[in-house]
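A short write-up of the structure that comes next.
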Amino acid sequence: MPEALATIAPVAGLGMITIRANLSRAGDAIAEASGLPIPEATRITTDGSRSLGWMSPDELLLLLPAAETAEALTALTNALAGEHALVADVSDLRAVFDVTGPKVQQVLQKLSPTDFAAFPKDGLRRTRAAQVAVAFWRQGKGFRVIGMRSTGDYLRLILENATIPGSDLEPR
Amino acid sequence: MTQNRPFRLPKGGRLIDRAYQLPFRFDGRHLRGLQGDTLASALLANGQMMMGRSFKYHRPRGPVASGAEEPNALFGLGQGGRFEPNQRGTTTVLETGMVLRSQNCWPSLDADLGEINNWLSPFFPAGFYYKTFIHPRPFWKHVFEPIIRRSAGLGRAPTDPDPDRYEQAYDFADVVVVGGGIAGLTAALAAAKGRTRVLVLEQSGHWGGRTPVDHKGGQAQIDALLDELRAKKNVTLRRNTMATGLYDHGYLLAREALADHDPNLGIPRQRLWRIRAGQVITATGALERPLSFACNDVPGVMLASAVRDFIVDFGVAPGQRIVVVTNNDDAYRTALTALDAGLEVSAVIDARPEADGELVQVVRARNIPVLTGTAIAKVKGSRQVEGVAICDQSGDGTITGGIDCDVVAMSGGWSPVVHLYSHCGGKLIWDEAQAMFRPDPNRPPLGADGQGNVTATGAAKGDLTCAGDLERPEGATMPVWVMPAQAPYKLRSKMWLDFQNDVKVSDVELAAREGYASVEHTKRYTTLGMATDQGKVSNINGLAVLSGALNQPIPATGTTTFRPPYTPLTLATIAAEARGDAFQPLRKTPMHTWHNLNGAHWEPVGHWRRPYCYLHAGEDAHTAVAREVLAVRNGVGTLDASTLGKIIVKGPDAGRFLDMLYTGMMSTLPVGKCRYGLMCNENGFLSDDGVVARLSDDTWLCHTTTGGADRIHGHMEDWLQCEWWDWQVYTANVTEQYAQIAVAGPKARELLQRLPGTIDLSPEALPFMTWAEGELAGIPARIYRISFSGELSFEIAVPAGRGLELWEALHHAGRDLGIVPYGTEAMHIMRAEKGFIMIGDETDGTVIPQDLGLNWAISKKKPDYIGKRAQARSHMTDGNRWRLVGLESLDGRMIPDGAYAVDQGLNANGQRVVQGRVTSTYHSPTLGRPIAMGLIRHGPERMGQVLDFPTPAGETIRARIVDPVFYDKDGGRLNA
Chain A
73 MPEALATIAP
83 VAGLGMITIR
93 ANLSRAGDAI
103 AEASGLPIPE
113 ATRITTDGSR
123 SLGWMSPDEL
133 LLLLPAAETA
143 EALTALTNAL
153 AGEHALVADV
163 SDLRAVFDVT
173 GPKVQQVLQK
183 LSPTDFAAFP
193 KDGLRRTRAA
203 QVAVAFWRQG
213 KGFRVIGMRS
223 TGDYLRLILE
233 NATIPGSDLE
243 PR
Chain B
0 MTQNRPFRLP
10 KGGRLIDRAY
20 QLPFRFDGRH
30 LRGLQGDTLA
40 SALLANGQMM
50 MGRSFKYHRP
60 RGPVASGAEE
70 PNALFGLGQG
80 GRFEPNQRGT
90 TTVLETGMVL
100 RSQNCWPSLD
110 ADLGEINNWL
120 SPFFPAGFYY
130 KTFIHPRPFW
140 KHVFEPIIRR
150 SAGLGRAPTD
160 PDPDRYEQAY
170 DFADVVVVGG
180 GIAGLTAALA
190 AAKGRTRVLV
200 LEQSGHWGGR
210 TPVDHKGGQA
220 QIDALLDELR
230 AKKNVTLRRN
240 TMATGLYDHG
250 YLLAREALAD
260 HDPNLGIPRQ
270 RLWRIRAGQV
280 ITATGALERP
290 LSFACNDVPG
300 VMLASAVRDF
310 IVDFGVAPGQ
320 RIVVVTNNDD
330 AYRTALTALD
340 AGLEVSAVID
350 ARPEADGELV
360 QVVRARNIPV
370 LTGTAIAKVK
380 GSRQVEGVAI
390 CDQSGDGTIT
400 GGIDCDVVAM
410 SGGWSPVVHL
420 YSHCGGKLIW
430 DEAQAMFRPD
440 PNRPPLGADG
450 QGNVTATGAA
460 KGDLTCAGDL
470 ERPEGATMPV
480 WVMPAQAPYK
490 LRSKMWLDFQ
500 NDVKVSDVEL
510 AAREGYASVE
520 HTKRYTTLGM
530 ATDQGKVSNI
540 NGLAVLSGAL
550 NQPIPATGTT
560 TFRPPYTPLT
570 LATIAAEARG
580 DAFQPLRKTP
590 MHTWHNLNGA
600 HWEPVGHWRR
610 PYCYLHAGED
620 AHTAVAREVL
630 AVRNGVGTLD
640 ASTLGKIIVK
650 GPDAGRFLDM
660 LYTGMMSTLP
670 VGKCRYGLMC
680 NENGFLSDDG
690 VVARLSDDTW
700 LCHTTTGGAD
710 RIHGHMEDWL
720 QCEWWDWQVY
730 TANVTEQYAQ
740 IAVAGPKARE
750 LLQRLPGTID
760 LSPEALPFMT
770 WAEGELAGIP
780 ARIYRISFSG
790 ELSFEIAVPA
800 GRGLELWEAL
810 HHAGRDLGIV
820 PYGTEAMHIM
830 RAEKGFIMIG
840 DETDGTVIPQ
850 DLGLNWAISK
860 KKPDYIGKRA
870 QARSHMTDGN
880 RWRLVGLESL
890 DGRMIPDGAY
900 AVDQGLNANG
910 QRVVQGRVTS
920 TYHSPTLGRP
930 IAMGLIRHGP
940 ERMGQVLDFP
950 TPAGETIRAR
960 IVDPVFYDKD
970 GGRLNA
């Protein structure tokens, strides 16, 4: 009996902060306050505990343990005082799943128009999974997938549908 | 019809495994095939040549081809939810226990009553259906349409839901090669240099295409190529994957059959690949053309290539005595294959005056009569070929002799498969020498860079020598479009072009005589090529006959349009995962589960599901809504308002920006306060509304309607990024960060004060249209004192993850206050009782705020806002515009939603002149009578007048124009 292509696990206890600012001007301040280097376009930087993802030319997403959110919010707000910027707690806005397993990439390949052969190791891709907007990046041996909170059930369902044992994409 | 002779040859059959016998059923009969058989080869092996009936005349039909082009051997396959009509017998692989049904016959394949159409065929010429539209007129409605509707369509539609799973997947490749024959594999190997990603798609389960059948040593050539390709990491070889269509920018769709052979495997049955290809190489081969001679549709008349496929691939003899009829050398291969298999070849009838190619000589050397300059005048037999009458090809069909046979193997030459090349703009040229349309390499489909991104190769390019059988140079093909050349009408009316739709040479000629000079018009008039095979075998012959009838060269006629999919694609594969619970993403609020457990009667609002009301045992929705309204008006209720859009707008220019977006003034709103705002589009029409709260000196929070959140956020970003790119403003759509609960009713404050909290909720500290931040029930909360119900009301925003906790705390604390959850309908009624407008009810994209009496929300001081200029146009300032009023029916009946108020007279179209319409109508539980709002010409100036509203039932409801505020006009309750 073949095994599922991957396992889908919801992730709790994650804090998220959206940062909008002129990154070339405020980058250093953000890096210092968040403790992470500013990612290149379409990339994500991490220290294992916190991650800083590039969302758009003037938007970053800081992911961190929930308990550190309030402090990080204050640190970022203070660091960006006097700068035109928007910092907001969006920890509750998304549904988060870790997709791990032997064929995790194939699961995403069934849902998202992403060329994984051209996907860098530290890539963060904003794309869609079937009918909903998602973003994902490599996390450990698998991928971390974030979508909107309200469609979390749908996202989990389509991810699980894509893991059916025996449904791998290898030529047969 | 089944005859007692061995149809399965004692040897051969490269695709079958004689060790495994597979039982199956055909029209209730129990038959056996072999592993590796197709449905068609298995039926032939059982002596079943007749496999269906044609669409129009119900003529007996046997297989013509052996591949995807087959027009005749179509079956209803499977049972229940897995029943599928029109499954192609020549490409569907036999599996144990399959249940096949023949199509288009009743009561049975052998005794079909519809066959009477065949005897009536002189009365059903081309265009018969269209002529029934015209004359005599009543006949269409009462006679023809009911009959045609009943007999329309080939095969029966399944009635049960498809129980299988399907999926999609995305792929990317530098080069996609379509076709796994020798040309495709050779091209793939050439392309697979360096790190180039090469993907090869083969529609069947076997590599090699025609090469293993047609050429000695062909299989070894294919195997060697496969070995080399499999050793390359950058090459992917995918079988059972049919490229269905090619679209702009190298976007290629392909269908992979995963579990068609065994739906019980538990894996997706088919997968739709959505491939982005840098370059596409079409190595799709060529299709053999039939010849047009009389009765060329009798079962047993087959393409020459199909006859040798059945012999070589499946060890099946379609017949014992074979006549080959051809205009080219290639068909002689069929004679040799048949001879080698121990079958009798009675003669080769060659329409060419002379034939001396190598293959011809080999056949002659085996003492097979080769009759040059000869044609088939007519096929004998009705349900099975019994023989042929022969004549001179150049003559009028005068019979010169006869030959007994049970199979006619015909070849009219080959047509490259140009479908993919043509799907997105590649052009064809007519190759006079080979009598074929082939891809014009100078006019390929173009990619984003303006360069060609599709190349044809091998037979698909028109190169029929690709397999490298050069030791046997072939003689030239002679175009033969009608056989014999001077055939009279009697013969031409029995020459089939389109076997499935029963279109004959005489039908195309009739179309030409009736003025259908365009091939596209002729196609539709005659239905040529409109069957499920999309004219794969009929197209070229049909347009050649049309050219002949129009006396013009073939390229002047041209081809019809090649459209995807190449072969039919089941809808379930296109829908893929989007079915059942995954059909559409449902948006759920943090309290969704609670609503479900408490009787929510759901209403879709965009992708959200919101409780319309909460049903108690024994209640209908109307009763529940009335109960909820009264409970809020007299006590307290909670509404899940989490779906309302929440957008943070921040920056030095945020106030200026909001002043442009809203009709009102937001820059002057003090911190801590709320203001109702209207947004219009550039044309001045009301687009969205909501309450804006000023959070800090440079930060505002804009509430939008439920359906407007994403749209308004996009609208803001559009203006910021495209028009006012130098304004310093950032936005963030934080709709889903917060759960929002409206607590409304005279006991709302009492309820909230029961919960531990840090926020002073007194009217002095938190008056109407202010907000405060702090903790409530231990949860960080922002409380807005705003009201859509007309009651004392607080909207509480908490982090989404804690919304349910607060909701339950409220219901726990409010039990003795009679707290109820209320749904969207109660909310709608309460706002209507207050005369509050609702986007989507009072507005429909043609309504401006001034129509709704909302002038108070439009700043007169501002130099500009989006929509201001448009609202100054003469039509917008016209006093005759319909404007908002309340409506009170005189006799207590409800006016239907959308009902028109009629005026005197008729307009230019003979319709009743109207002077307004109803925009909202409800039974008001609070007032105990119906209330309505509407837009009425000069409405506000006509208070007290009575209007007539005719209903669809033919009655008229009379209603008086009144003030739209039906409840608590001075706002005492709301300000409490």
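Protein chains in written order, with this note's numbering: chain A, 73 to 244; chain B, 0 to 975. Note that the Cβ used here is the ideal one computed from N, Cα and C, for glycine as well.
B/Phe127 carries a helical assignment under DSSP once its states are collapsed to helix, strand and coil.
CA-CA distance, B/Met409 to B/Pro368, rounds to 16 Å.
Listed along the chain, the chain B residues whose CB falls inside 9 Å of the CB of A/Pro129 amount to none; the nearest CB is some 10 Å away. Taking the Cα positions, B/Leu643 is about 5 Å away from B/Thr704. Listed by position along chain B, the residues whose Cβ is nearer than 8 Å to that of A/Ala234 are Glu166 and Glu576.
Residues of chain A whose Cβ lies closer than 7 Å to the Cβ of B/Pro162 do not exist, since the nearest Cβ in that chain is about 15 Å away. Closest by C-alpha distance to B/Tyr169, out of A/Ala201, A/Gly238 and A/Glu232, is A/Ala201. Per DSSP, reduced to three states, the secondary structure at B/Gly277 is strand. Segment contact: the stretch 315-329 of chain B against the stretch 343-351 of chain B, three or more CB-CB distances shorter than 8 Å; contact assigned.
The shortest C-alpha to C-alpha distance from B/Gly706 to any of B/Gly970, B/Phe835, B/Trp724 and B/Ser686 is the one to B/Ser686. One Cα belongs to B/Ala276, the other to B/Val315, and the distance between them is close to 40 Å.
Looking only at B/Phe123, B/Val344 and B/Arg608, the smallest Cα-Cα distance to B/Trp593 is reached by B/Arg608. With the criterion set as a beta carbon lying under 7 Å from some beta carbon of chain A, the members of the stretch 724-752 of chain B are Gln727, Tyr729, Ala731, Val733, Glu735 and Gln736, in sequence order. Counted as a single uninterrupted DSSP element, the beta strand (DSSP E) harbouring B/Glu774 occupies residues Trp770 to Leu775. Across the set B/Ala616, B/Trp495 and B/Thr90, the C-alpha of B/Trp495 shows the shortest separation from the C-alpha of B/Leu527. For B/Glu201, same chain residues with a beta-carbon under 6 Å away, outside a window of 5 residues either side, are Gly179 and Arg238 in chain order.
Here B/Glu287 is buried, its C-beta having at least 16 other C-beta atoms within 10 Å.
Annotation for A/Glu75: Pro237 place their beta carbon closer than 6 Å to its own, counting only its chain and skipping 5 residues before and after. Using a C-beta cut-off of 8 Å, the stretch 409-420 of chain B makes contact with the stretch 283-300 of chain B, since at least three inter-stretch Cβ pairs fall below that distance. Burial state of B/Leu926 is exposed, judged by a 10 Å Cβ sphere holding fewer than 16 other Cβ atoms.
Here B/Val361 carries a helix assignment [DSSP, helix/strand/coil].
Among the residues of chain B, those whose CB is under 8 Å from the CB of A/Ala189 are Phe171 and Arg196, following chain order. Taken atom to atom, the span from the alpha-carbon of B/Asn366 to that of B/Ala334 is near 11 Å. Taking a beta-carbon distance threshold of 8 Å, A/Ala202 counts as an interface residue toward chain B. DSSP places B/Leu542 in the helix class (H, G or I) of the three-state scheme.
The straight-line gap separating the alpha-carbon atoms of B/Val98 and B/Thr90 is approximately 16 Å. Cα atoms of B/Met837 and B/Arg830: separation of roughly 8 Å, rounded to the nearest angstrom. Straight across, the Cα-Cα distance linking A/Glu232 with B/Thr572 is about 18 Å. A straight line joining the alpha-carbon of B/Pro951 with that of B/Tyr899 spans about 11 Å. Identification of chain A residues near B/Arg586 by a Cβ-Cβ cut-off of 7 Å yields Ser222 and Thr223, ordered along the chain.
Pairing B/Val917 with B/Pro848, the inter-Cα distance amounts to about 17 Å. Taking a Cβ-Cβ threshold of 9 Å, none of the residues of chain B is close to A/Arg228; the smallest such distance is about 10 Å. Contact between the stretch 108-126 of chain A and the stretch 179-188 of chain A is absent, with fewer than three C-beta pairs closer than 8 Å. In this structure, DSSP gives B/Thr243 an extended state, which the three-state scheme calls strand. Distance from B/Met942 to B/Val961 at the Cβ level is roughly 7 Å; contact confirmed, criterion being Cβ atoms closer than 8 Å. Of all residues in the stretch 626-653 of chain B, only Ile647, Lys649, Gly650 and Pro651 place a beta-carbon less than 7 Å from a beta-carbon of chain A.
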